[in-house]
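What follows is a single structure, written as structure tokens, with notes after it.
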Amino acid sequence: MAYLLIAFVSFVFQFLVPKAYSYGHAHGCRSYCGNLTIDYPFALQPGCGHQGYRDLLYCINNVLMFHISSGSYRVLDIDYAYRSLTLDEPHMSTCTSIMLGKRGNGFVVERWREPYLTPMTDNVFMLLHCKAESPLFQGFSGKHLPCRNVAGMGCDDYYSCPAWSLIGPQRAGSVYGSGPPECCAIAYEAIKDVNLTRLGCQGYSSAYNLAPLRLTGPDEWSYGIRVKYSVQGNETFCKACEATGGSCGYDVNDFSSLCMCGSWNSTSNCDSVPSTSHRRTWSFMDALTGFSICIVNWELAIKLGL
């Protein structure tokens, strides 16, 4: 009997679980991680939320993590009204600590995610200890990109942070004179990828300013990466789905949008007639295969005396 129980459990996991995942989850979409609310377009389970944000967020020990090709970041806040996320990275320099040695992630998004995620325009990236041969100073996409302030924040102010006194005097420098500066502030849209290896930099800092007035110094800046997100024209579908009591999701096989309506899914909204193609039912072949497996296991159990 124990062997038959194992066979039954194996059958359930082989056929029932994949079927459930192939259509998304109506009531299984987790809505929180720690003290952060997880709402559309984000999700923690396959099939939930918008397909453009799949495999992006993970809840680890009640800590929400954001994962892209450049690495993992802790999510400090999700602002659904302003459509932004605030991220933190432990190897990013701040006003009290300079982190070198190329340990920082920087910020690089997968190409297919670029329409959905990009750092805010009021976010400054300050690249530290970059080589003279860096594309920042030799030309980037066929043009020279000088270091500059972004949203009133830049390296001239950043040099006044106490952390700089721990690593020696700063060299303001010039790409045309005494060598590259130890800090180069630049906007994300100017270089697209903050890839420390590609840019030949030893570290970076990132800051943003939410205050309506210019802050007096870098000790008042907010350090982190502020990212805006977009749902790329899927809002009409999702609003119609939610207005009829459904939850927005997607098919994990072809990534098409689905409205999850309890025990069935719709390609429009929950007021539409359920389609057998989107009901969570077993096909005849599924049932026949499962029955055959049970018969084989039964005969094997008899032969083995189980």
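Residues -22 to -1, 1 to 284, numbered by mature numbering (1 follows the signal peptide of the UniProt record, and there is no 0), are exactly what the sequence shown covers, in order. Even glycine gets a Cβ: it sits at the ideal position worked out from N, Cα and C.
Residue i: which of the options sits nearest, CA to CA?
i, options, result
"His107", "Val172, Cys37 and Gly178", "Gly178"
"Cys7", "Tyr228, Ser244 and Asp249", "Tyr228"
"Ala221", "Pro196, Ser250, Asn231 and Tyr201", "Ser250"
"Glu160", "Leu22, Glu67 and Ile76", "Ile76"
"Leu166", "Arg52, Tyr10, Val87 and Asn243", "In the sequence under discussion, the amino acid at residue 166 is Tyr, which differs from the Leu named in the question. If we check each option's Cα against that of Tyr166, Val87 comes out closest."
"Lys109", "Arg176, Tyr58 and Ser50", "Arg176"
"Ile38", "Leu14, Gly30, Tyr60 and Gln29", "Leu14"
"Gln210", "Arg61, Trp242 and Ile56", "Arg61"
"Met131", "Gly195, Leu78 and Lys80", "Gly195"
"Gly240", "Phe103, Gly224, Val230 and Pro158", "Gly224"
"Gly157", "Ile145, Phe115, Asn173 and Gln23", "Phe115"
"Leu22", "Leu35, Ala168, Leu174 and Cys226", "Leu35"
"Pro113", "Ser50, Asp171, Thr245 and Ser246", "Asp171"
"Arg52", "Asn231, Tyr58, Asp197 and Arg204", "Arg204"
"residue 285", "Asp33, Asn173 and Ala59", "This structure gives no information on residue 285, because the portion of the chain shown stretches from -22 to 284."
"Asn173", "Tyr31, Ser50, Asp33 and Lys80", "Lys80"
"Val230", "Leu105, Ile16, Ile169 and Arg32", "Arg32"
"Asp135", "Thr72, Ala168 and Cys248", "Thr72"
List the residues that DSSP assigns as beta-bridge partners of residue i.
i, result
"Val102", "Ala165 and Ala185"
"Met131", "Val128"
"Tyr228", "Ser235"
"Ile145", "DSSP lists no partner for Ile145."
"Val41", "Ile38"
"Phe85", "Val172"
Put residue i into one of helix, strand or coil per three-state DSSP.
i, result
"Phe233", "coil"
"Pro97", "strand"
"Trp242", "strand"
"Lys206", "strand"
"Arg52", "strand"
"Thr175", "helix"
"Gly30", "helix"
"Tyr(-2)", "The predicted position of Tyr(-2) is uncertain, since its pLDDT is 40 and thus under 50; no value can be drawn from it."
"Asp17", "coil"
"Pro60", "Position check: residue 60 holds Tyr in this sequence, whereas Pro was assumed. Tyr60: coil per DSSP, three-state reduction."
"Leu78", "coil"
"Leu114", "helix"
"Tyr201", "strand"
"residue 299", "Lying before the first or after the last residue shown, residue 299 is absent from the chain, which here runs from -22 to 284."
"Leu22", "coil"
"Tyr10", "strand"
"Cys108", "coil"
"His5", "Unreliable placement is indicated for His5, whose pLDDT of 48 sits below 50; no coordinate value is reported for it."
"Thr259", "Because Thr259 sits at a pLDDT of 40, beneath the cut-off of 50, its placement in the model cannot be relied upon, and the point is left open."
"Tyr36", "strand"
"Ser71", "strand"
Suppose contacts are defined by Cβ-Cβ distances below 8 angstroms. Is residue i in contact with residue j by that definition?
i, j, result
"Gly202", "Tyr182", "no"
"Gly82", "Met98", "no"
"Cys139", "Cys133", "no"
"Asn40", "Gly12", "yes"
"Asn101", "Ser184", "yes"
"Lys206", "Thr96", "yes"
"Ala163", "Thr74", "no"
"Pro19", "Gly25", "no"
"Leu78", "Gln180", "yes"
* Would the region 233 to 244 and the region 210 to 225 be scored as touching if the rule is three or more Cβ pairs under 8 angstroms? -> Contact holds: three or more Cβ-Cβ distances are below 8 angstroms.
* Asked: Is there contact here, the region 29 to 49 with the region 78 to 96, by at least three beta-carbon pairs under 8 angstroms?
  -> The region 29 to 49, when compared against the region 78 to 96, does touch it at the 8 angstroms Cβ threshold.
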